[in-house]
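Written out below as structure tokens is the structure these notes cover.
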Amino acid sequence: MNYLVTVPILALKFLLPVLYLRFPFAAGWANWLLDSVDGDLLMPAGLDFAVYQNLDKAADWTAYLFIFIWAWRQPIRREITVTFALRTIGQALFFVTHDEMMLFWFPNLEEPLFLVYVTIARFRGWERAHAIYRARLIWIWVGILAYKFQDEWFTHVANVDRTEFLRGLLG
Numbered sequence: 001m002n003y004l005v006t007v008p009i010l011a012l013k014f015l016l017p018v019l020y021l022r023f024p025f026a027a028g029w030a031n032w033l034l035d036s037v038d039g040d041l042l043m044p045a046g047l048d049f050a051v052y053q054n055l056d057k058a059a060d061w062t063a064y065l066f067i068f069i070w071a072w073r074q075p076i077r078r079e080i081t082v083t084f085a086l087r088t089i090g091q092a093l094f095f096v097t098h099d100e101m102m103l104f105w106f107p108n109l110e111e112p113l114f115l116v117y118v119t120i121a122r123f124r125g126w127e128r129a130h131a132i133y134r135a136r137l138i139w140i141w142v143g144i145l146a147y148k149f150q151d152e153w154f155t156h157v158a159n160v161d162r163t164e165f166l167r168g169l170l171g
């Protein structure tokens, strides 16, 4: 195993969420990007898939926990609390059963909600973020649900790489 690749990536997966408390926009998007590519880096570096799955889900739950902590003093805490509880149930069931369908039935809605909210706040101002969120609530949730259900389906049900799937459709 290439420890020069695996150790820094795994460290970042567990440390970036801590930065949500101080830098929610930058740390949130950095962690989302890292989570999008980590498997493509860690498994070729020699990390076993089963080990990767367990570490990835543990790191994901760490991120969910820090989003929940961040949200405790935010006007959006109720929605974050519900989505945190939903995914925590899915994570627990996944660790007990090793059935990836649990991650589909209990989707990660917390992270995209957090990213949408902190993005609104970053570009429109923290004092206006909640009013903007409330005014566009239906569209935001339609987008979150559409994005996450396709994402969870590709990742945990079909177990298909989206790039390969799109290549198959187009070529």
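Residue numbers for the sequence shown, in the working numbering: 1 to 171. Built from N, CA and C at the ideal position, the CB exists for glycine as well. Values in this document were obtained by computation on a predicted structure and should not be read as measured data.
Hey, quick one: how far does the alpha helix (DSSP H) through residue i stretch, first residue to last?
| i | result |
| --- | --- |
| Ala85 | 77-97 |
| Gly143 | 137-152 |
| Asn2 | Where Asn2 is concerned, there is no enclosing alpha helix (DSSP H), given that its DSSP letter is neither H nor E. |
| Ala122 | Residue identity differs from the one stated: residue 122 is Arg in this sequence, not Ala. Taken as a continuous stretch (DSSP letters only), the alpha helix (DSSP H) holding Arg122 covers 110-124. |
| Trp70 | 49-71 |
| Asp37 | With the sequence shown as reference, residue 37 is identified as Val, and Asp is not the correct amino acid for it. 24-42 is the extent of the alpha helix (DSSP H) around Val37. |
| Leu103 | 101-105 |
What does the Cβ neighbour count give for residue i, buried or exposed, with the cut at 16 atoms within 10 Å?
| i | result |
| --- | --- |
| Tyr64 | buried |
| Tyr20 | buried |
| Phe123 | exposed |
| Ala59 | buried |
| Leu184 | Any answer about residue 184 is impossible in this case: the structure gives the chain only from 1 up to 171. |
| Phe165 | exposed |
Would residue i and residue j be called neighbours here (beta carbons separated by less than 9 Å)?
| i | j | result |
| --- | --- | --- |
| Ile120 | Arg128 | yes |
| Asp38 | Lys13 | yes |
| Ile140 | Tyr133 | yes |
| Ala92 | Ile80 | no |
| His130 | Gln74 | yes |
| Trp61 | Arg87 | yes |
| Gln114 | Gly28 | Here residue 114 is Phe; the residue named in the question, Gln, does not match the sequence. The answer is yes: Cβ separation under 9 Å. |
| Val82 | Pro24 | no |
| Gly90 | Pro112 | no |
| Asn31 | Pro17 | yes |
| Ile69 | Glu110 | no |
| Phe94 | Glu152 | no |
| Leu178 | Val5 | The requested residue 178 does not occur in the structure, where the chain is confined to residues 1 to 171. |
Out of the options, point me to the one whose CA is closest to residue i's CA.
| i | options | result |
| --- | --- | --- |
| Val116 | Tyr147, Leu16, Leu34, Pro17 | Tyr147 |
| Thr155 | Phe123, Asp35, Gly125, Gln74 | Asp35 |
| Leu10 | Leu103, Asp40, Arg122, Ile76 | Asp40 |
| Val157 | Ala26, Met102, Gly171, Ala50 | Met102 |
| Asn159 | Ala50, Ala135, Glu100, Ala85 | Glu100 |
| Val51 | Ala85, Leu169, His98 | His98 |
| Val96 | Arg78, Lys57, Phe84, Ile76 | Lys57 |
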